[in-house]
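Scroll down for the structure; my scribbles are underneath it.
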Amino acid sequence: MGHFIFVDRVIEVEPGRLVRGIKNISINEQVFLTHFPDHPIYPGNLIVEALAQLSGFLLELSTNQNGSEVKRAVLVQVEKASFRQPARVGDQLLLECVFDSNIGDAATINTTAKVEGELIAKSRLTFSLQSSVSESVHQQQRALYKLWTQKLTLNFPIL
């Protein structure tokens, strides 16, 4: 997931089914220096990235089980991305990612972003699960996922 994290918190997760999370839009985000200073609108591509990060979490949590090889989700396709309303400073995005289908090491997830119950964006994301030999990648992901879920009681491990 690199250096940019676009999910603030996970509020609900059901492995193999869905995840819901929150992204708070703050005026302090660097993107608003250029997008647009006099009329700040949160970029749609960053909303899709937030949905992709949350979807990757769902896929990894649903796939990685104790005793199996730990794999990481890699976004390979964005389909049907649409934006109905802009996200603005002060908005709280409710992100929802729902499993659609999976075949082997690939999975498709339907995503939505809402503000105050109103749909502002949606997309269909396809991921590939890939092996990672880097323990530092696994450590980074585990730490991030534990941070996202710290207010939840989980009945499953984060690998």
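Each residue of the sequence shown is one higher than the last, beginning at 1 in full-length UniProt numbering. Backbone N, C-alpha and C define an ideal beta-carbon position, used for all residues, glycine too. Because the structure is a prediction, the values reported are computed rather than measured.
Burial state of residue i (16 or more Cβ within 10 Å)
i: Ile120; result: buried
i: Val76; result: exposed
i: Ser134; result: exposed
i: Ile103; result: exposed
i: Gln140; result: exposed
i: Phe6; result: buried
Residue closest to residue i, alpha-carbon to alpha-carbon, out of the options
i: Asn155; options: Asp8, Gly56 and Glu12; result: Glu12
i: Gln30; options: Tyr42, Thr112 and Gly16; result: Tyr42
i: Ser152; options: Glu14, Leu51 and Ile5; result: One point to set straight first is that residue 152 is Leu, not Ser, in the sequence displayed. It is Glu14.
i: Pro157; options: Ser136, Gly117, Asp105 and Gln65; result: Gln65
i: Lys122; options: Leu129, Phe83 and Trp148; result: Phe83
i: Ser55; options: His35, Gly44, Thr108 and Pro37; result: Thr108
i: Asp105; options: Leu59, Ser136, Ile22 and Lys23; result: Leu59
i: Asp100; options: Ser131, Thr112 and Gly44; result: Thr112
i: Ile47; options: Phe57, Gln130 and Ile22; result: Ile22
According to DSSP, residues forming a beta bridge with residue i
i: Gln92; result: Asn24
i: Glu79; result: Arg124
i: Glu14; result: Leu18
i: Val74; result: Ser128
Within 8 Å, strictly: CB atoms of residue i and residue j
i: Leu144; j: Glu96; result: no
i: Arg9; j: Lys80; result: no
i: Val115; j: Ala87; result: yes
i: Val98; j: Ile27; result: no
i: Val74; j: Phe4; result: no
i: Leu94; j: Ile25; result: no
Cβ shell of residue i (< 6 Å), same chain only, five flanking positions each side left out
i: Phe32; result: Pro40
i: Met1; result: Note that Met1 scores a pLDDT of 39, beneath 50, so its modelled location is shaky and nothing firm can be said.
i: Arg20; result: Ile11, Glu12 and Glu96
i: Arg142; result: Ile158
i: Ser62; result: Pro15 and Gly16
Contacts around residue i, its chain only, beta-carbon distance under 7 Å, and the 5 residues preceding and following it disregarded
i: Glu118; result: Gln85
i: Gln150; result: none
i: Glu49; result: Phe6
i: Gly146; result: It is worth fixing the name first, because residue 146 is Lys in this sequence and not Gly. Excluding sequence neighbours, Lys146 sits near Ile158.
i: Asn110; result: Val98, Asp100 and Arg124
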